[in-house]
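K.L.:
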Amino acid sequence: MPAPAELPVAPPAVRRRRGTAVALIAASVPMFMATLDNLVMTTALPVLRTELSATLEQLQWMVNAYTLSFATLMIAAATLGDRWGRRRVFVAGIVVFALASIASALATSAELLIAARAVQGVGAAAIMPLSLTLLAGAVPAARRAMAIGIWGGVSGLGVALGPVIGGAVVDGISWEAIFWINVPVAVVAIPLVFWALPESHGRRQPLDLAGLVLAGAGILSLTWAIIRGNDDGWGSVTVVGGMVLGALLLGAFLLRESRTDHPLIPLRLFRVRSFAVANGSALVFSFGVFGLVFLLAQYLQIGMGYTPLEAGLRTLPWTAAPMIFAPIAGMLAPRVGVRPLLAAGLALQAAGLAWMGLVVASDTLVYADLVPGLALAGIGMGLTFAPSATAVLFDMAPDDHGTASSVNSTIREVGGALGVAALVAVFTASDGTLTPDGYVAGLQPAALVASVVVALGAVMVLVWMPRETGRLRV
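Rendered as structure tokens:
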């Protein structure tokens, strides 16, 4: 055995490659875990309905409790990372996420699972924005674009595999296991993060706690009112009161943000037309996608008789297509601009949703009838991701990139939460029930409403997105 001094030493270039690879793994694994949990529950919902005696409203909150806490706290987590240390807050997010996963797995009632999912969203809010920031600071500038591209691919993979992994675990083990699997991942990830990702700080600024409370309470109030609409009556005191309260709270939030020196969301960013249109299209895109995935994953089991794994696999033409088409859109954007790509992506997404809405009413429906709609929606999703991200940052000053990206991520999550609430409200109002025949009655109008909302996003992009946005500047 050679003496320590005689051990071979890797050349600097090899060590840099190893460092980049390890940093990429350390940043991406926790992010994949958080992204996966956005959709991992969708194929488990029918099982949860049976085993926890959950109502349709409770099933919505199992998804939306995670999404809403995730959305409202993401920007706050980035601010705290700048002040207290990004790695420290990132690791704290992983710990909270893992502990909440344990609580979710041990939940014996729908109420306990909803509460645990809300805490899980708190952890995810710290993981997502800081993952990319830490990765960018850990790799050499020459490798940064490549590393960020791979990071984005892993994020997309989390979305694509969520229903599949959820279905496989529920089929093969139990619904509790979809949460238990997060624990060993977190145990491995934490020491890897300390080893591979150096601590860093950003510009220290006060956290707009009042703005955070106003925004979170306003979004929660509106979502709650939409979910309660069919049960309590749309003209009831509770529902109207919830909507009015939500509108007042969000109005107070906007007023505060326009006056404070350290806003949670700088409203001046929305004066940039490309940023405003990109975020408007992101809101309606997530509204349609997340809302219909929630319903479709259950329809494949309740209406068509598939197991959770079979249902998850059958969503892949939709959820996995971006892995192919997003890179293509990313390469085309500098040549043609984001406007035609983003408009085409939203239009294809709307067409796919409409196709699914129209064919589910057939008495002779088979899965193959859904595939064209799923494929159109998947291609549309792929054409939307990269151009949307480009438009968000294209006309922003470099100092605003982090905030602009966090605002966009928040708006996407809020759109998803509102989409689930609103489309389930349409489902229920159309006499939809959790039976094979009753599910079709509600799914068709919900899919068509989703299609119209996403189509409005395509029109918004065509009318207001500047033609030069995303084009390579020479």
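So in the working numbering the end of the sequence shown lands on 1644, straight run, no missing numbers.
Here a beta-carbon is modelled for each residue, glycine too, at the ideal position from N, C-alpha and C.
1. Could you tell me the distance, in whole angstroms, from the CA atom of MET1203 to the CA atom of VAL1324?
2. By Cβ distance, which residues of its chain are closer than 8 Å to VAL1340, with the 5 residues on each side in sequence left out?
3. Is the beta carbon of GLY1640 sitting closer than 8 Å to the one on VAL1442?
4. Going by beta carbon distance, what residues of the same chain come within less than 7 Å of ARG1582, once the five residues before and after it are set aside?
5. The alpha helix (DSSP H) spanning VAL1407 covers which residue range?
6. Quick check on DSSP: helix, strand or coil for VAL1210?
7. Using 8 Å as the limit for Cβ to Cβ distance, is HIS1432 near chain B?
8. Output the distance between the C-alpha atoms of GLY1458 and VAL1266, rounded to the nearest integer angstrom.
9. Using the three-state DSSP reduction, which class does VAL1624 fall into: helix, strand or coil?
10. What does the Cβ neighbour count give for GLY1527, buried or exposed, with the cut at 16 atoms within 10 Å?
11. Taking buried to mean at least 16 other C-beta atoms within 10 Å of its own C-beta, is ASP1378 buried or exposed?
12. Less than 8 Å between the beta carbons of LEU1209 and VAL1584, yes or no?
13. If you drop the 5 nearest sequence neighbours on each side, which residues of the same chain put their C-beta closer than 7 Å to that of ILE1297?
14. Would you call the CB atoms of LEU1194 and THR1598 closer than 8 Å?
15. Hey, how far is the Cα of PHE1440 from the Cα of GLN1375?
16. Does the stretch 1510-1522 come into contact with the stretch 1618-1632, if we say contact requires no fewer than three beta-carbon pairs (one atom in each stretch) closer than 8 Å?
17. Of the choices ILE1472, LEU1553, GLY1627 and PRO1497, whose alpha-carbon is the least far from that of LEU1613?
18. Do PHE1240 and ALA1311 have their C-beta atoms closer together than 8 Å?
19. In this structure, does DSSP put ILE1396 in helix, strand or coil?
20. Could you check the C-alpha separation between PRO1654 and PRO1606 for me, to the nearest Å?
21. Buried or exposed: where does ALA1380 fall if 16 or more other Cβ atoms within 10 Å of its Cβ makes it buried?
22. For the alpha helix (DSSP H) that MET1526 lies in, which residues bound it at each end?
23. Relative to the C-alpha of ALA1592, which residue among ILE1245, SER1406, GLY1461 and GLY1251 is closest?
24. ILE1189: which of TYR1236, ALA1235, ARG1314 and ALA1285 sits nearest, CA to CA?
25. Beta-carbon separation of LEU1420 and GLY1450 under 8 Å?
26. Answer with buried or exposed for GLY1411, where buried requires no fewer than 16 other C-beta atoms within 10 angstroms of its C-beta.
27. Within the continuous alpha helix (DSSP H) that includes GLY1307, where are the two ends?
28. Spatial neighbours of ALA1224 within its chain, please: CB distance less than 7 Å, with the 5 preceding and 5 following residues excluded, ordered by chain position.
29. Would you say ALA1617 and ILE1396 are within 8 Å of each other, going by their C-beta atoms?
30. Using a Cβ-Cβ cutoff of less than 6 Å, which residues in the same chain neighbour PRO1492 once the five nearest sequence positions on both sides are dropped?
31. In whole angstroms, what separates the C-alpha of GLY1399 from that of VAL1409?
32. Can you grab the Cα-Cα spacing for the pair SER1301 / GLY1403, in whole Å?
33. VAL1334 to ALA1545, Cα distance in whole Å?
34. Measure the beta-carbon distance from VAL1590 to VAL1292 and round it to whole angstroms, keeping in mind my assumption that it falls under 8 Å.
35. If I measure Cβ to Cβ from TYR1476 and keep anything under 7 Å in the same chain, skipping five residues before and after, which residues do I get?
36. Going along the chain, which residues of its own chain have a beta-carbon closer than 8 Å to the beta-carbon of VAL1192, five neighbours each way excluded?
P.N.:
Taking the definition as stated:
1. Within the sequence shown, the letter at position 33 stands for residue 1203. Within the sequence shown, the letter at position 154 stands for residue 1324. Looking at the two C-alpha atoms, the distance is approximately 10 Å.
2. For this step, residue 1340 is matched to residue 170 along the sequence shown. Its chain contains THR1213, ALA1214, VAL1217, ALA1347, ILE1348, PRO1478 and LEU1479 as the residues whose beta carbon lies nearer than 8 Å to that of VAL1340, once the 5 sequence neighbours on both sides are disregarded; these appear in chain order.
3. As a working mapping, residue 1640 is identified with position 470 in the sequence shown. As a working mapping, residue 1442 is identified with position 272 in the sequence shown. Not in contact: GLY1640 and VAL1442 (Cβ atoms no closer than 8 Å).
4. Against the sequence shown, residue 1582 aligns to sequence position 412. Once the five neighbours on either side are set aside, the close Cβ partners of ARG1582 are ALA1452 and SER1456.
5. Here the question's residue 1407 lines up with position 237 in the sequence shown. Counting along the chain, the alpha helix (DSSP H) containing VAL1407 begins and ends at 1407-1429.
6. Stepping through the sequence shown from its first residue, residue 1210 is reached at position 40. When secondary structure is reduced to three states using DSSP, VAL1210 falls in the coil class, being assigned neither helix nor strand.
7. The structure shown contains no chain B; it holds only a single protein chain.
8. Working through the sequence shown from its first residue, we reach residue 1458 at position 288. Working through the sequence shown from its first residue, we reach residue 1266 at position 96. Taking the straight line from one Cα to the other gives about 30 Å.
9. In the sequence shown, residue 1624 corresponds to position 454, counting from 1. Here VAL1624 sits in helix by DSSP.
10. Here the question's residue 1527 lines up with position 357 in the sequence shown. The residue is buried, with at least 16 neighbouring Cβ atoms inside 10 Å.
11. Start at 1 with the first residue of the sequence shown, and residue 1378 comes out as number 208. ASP1378 sits buried, since 16 or more C-beta atoms from the chains shown fall within 10 Å of its C-beta.
12. As a working note, residue 1209 is residue 39 in the sequence shown. As a working note, residue 1584 is residue 414 in the sequence shown. No. Outside cutoff.
13. The residue labelled residue 1297 in the question sits at position 127 within the sequence shown. Answer for ILE1297: PRO1200, MET1201, ALA1204, PHE1260, GLY1263, ILE1264 and PHE1267, listed in chain order.
14. What you label residue 1194 is simply residue 24 of the sequence shown in a count that begins at 1. What you label residue 1598 is simply residue 428 of the sequence shown in a count that begins at 1. No, these two residues do not count as a Cβ contact at 8 Å.
15. In the sequence shown, counting from the first residue as 1, residue 1440 sits at position 270. In the sequence shown, counting from the first residue as 1, residue 1375 sits at position 205. Each residue's Cα considered, the two are about 21 Å apart.
16. Enough Cβ pairs lie closer than 8 Å, so yes.
17. Stepping through the sequence shown from its first residue, residue 1613 is reached at position 443. If we check each option's Cα against that of LEU1613, ILE1472 comes out closest.
18. Taking the first residue of the sequence shown as position 1, residue 1240 is located at position 70. Taking the first residue of the sequence shown as position 1, residue 1311 is located at position 141. By the CB criterion at 8 Å, PHE1240 and ALA1311 fall outside the cutoff.
19. Position 226 of the sequence shown holds residue 1396. Shown here, ILE1396 sits in a helix according to DSSP, grouped into three states.
20. Examination of residue 1654 is not possible in this model, given that the chain is present from 1171 through 1644 alone.
21. The count along the sequence shown starts at 1 and reaches residue 1380 at position 210. That one is exposed.
22. As a working note, residue 1526 is residue 356 in the sequence shown. For MET1526, the uninterrupted alpha helix (DSSP H) segment begins and ends at 1508-1529.
23. Numbered from 1 along the sequence shown, position 422 holds the residue referred to as residue 1592. Ranking ILE1245, SER1406, GLY1461 and GLY1251 by Cα distance to ALA1592 puts GLY1461 first.
24. Here the question's residue 1189 lines up with position 19 in the sequence shown. Looking at the sequence shown, residue 1189 is not Ile but Gly. Residue ARG1314 is the option with its Cα nearest to GLY1189.
25. Taking the sequence shown and counting its residues from 1, one reaches residue 1420 at position 250. Taking the sequence shown and counting its residues from 1, one reaches residue 1450 at position 280. No, the pair does not count as a contact, with Cβ atoms beyond the cut-off.
26. Reading the sequence shown from its first residue, position 241 is the one you call residue 1411. It is exposed - the Cβ of GLY1411 has fewer than 16 other Cβ atoms within 10 Å.
27. If you number the sequence shown from 1, residue 1307 lands on position 137. From DSSP, the alpha helix (DSSP H) with GLY1307 extends over 1280-1308.
28. Reading the sequence shown from its first residue, position 54 is the one you call residue 1224. Within the same chain, and ignoring the five residues on either side of ALA1224 in sequence, the residues whose Cβ sits closer than 7 Å to its Cβ are LEU1218 and ALA1280.
29. In the sequence shown, counting from the first residue as 1, residue 1617 sits at position 447. In the sequence shown, counting from the first residue as 1, residue 1396 sits at position 226. Not in contact: ALA1617 and ILE1396 (Cβ atoms no closer than 8 Å).
30. Numbered from its first residue, the sequence shown carries residue 1492 at position 322. For PRO1492, where only same-chain residues beyond five positions count, the Cβ hits under 6 Å are GLY1326, MET1551, GLY1552 and PHE1555.
31. Position 229 of the sequence shown, counted from the first residue, corresponds to residue 1399. Position 239 of the sequence shown, counted from the first residue, corresponds to residue 1409. Taking the CA atoms as reference points, GLY1399 sits about 6 Å from VAL1409.
32. Numbered from 1 along the sequence shown, position 131 holds the residue referred to as residue 1301. Numbered from 1 along the sequence shown, position 233 holds the residue referred to as residue 1403. The alpha-carbon atoms of SER1301 and GLY1403 are separated by roughly 43 Å.
33. Locating residue 1334 in the sequence shown gives position 164, where the first residue counts as 1. Locating residue 1545 in the sequence shown gives position 375, where the first residue counts as 1. Rounded to whole angstroms, the separation of the alpha carbons of ALA1545 and VAL1334 is 17 Å.
34. Residue numbering aside, residue 1590 sits at position 420 when the sequence shown is read from its first letter. Residue numbering aside, residue 1292 sits at position 122 when the sequence shown is read from its first letter. Contact between VAL1590 and VAL1292 fails: their C-beta atoms lie close to 19 Å from each other, not under 8 Å.
35. Mapped onto the sequence shown, residue 1476 falls at position 306. The residues LEU1470 and ARG1484, in chain order, have a CB closer than 7 Å to that of TYR1476 in the same chain once the five nearest residues on each side in sequence are set aside.
36. Residue 1192 sits at position 22 when you count from the first residue of the sequence shown. Excluding residues within five positions, the ones whose Cβ falls inside 8 Å are LEU1362, TRP1365 and ALA1366.
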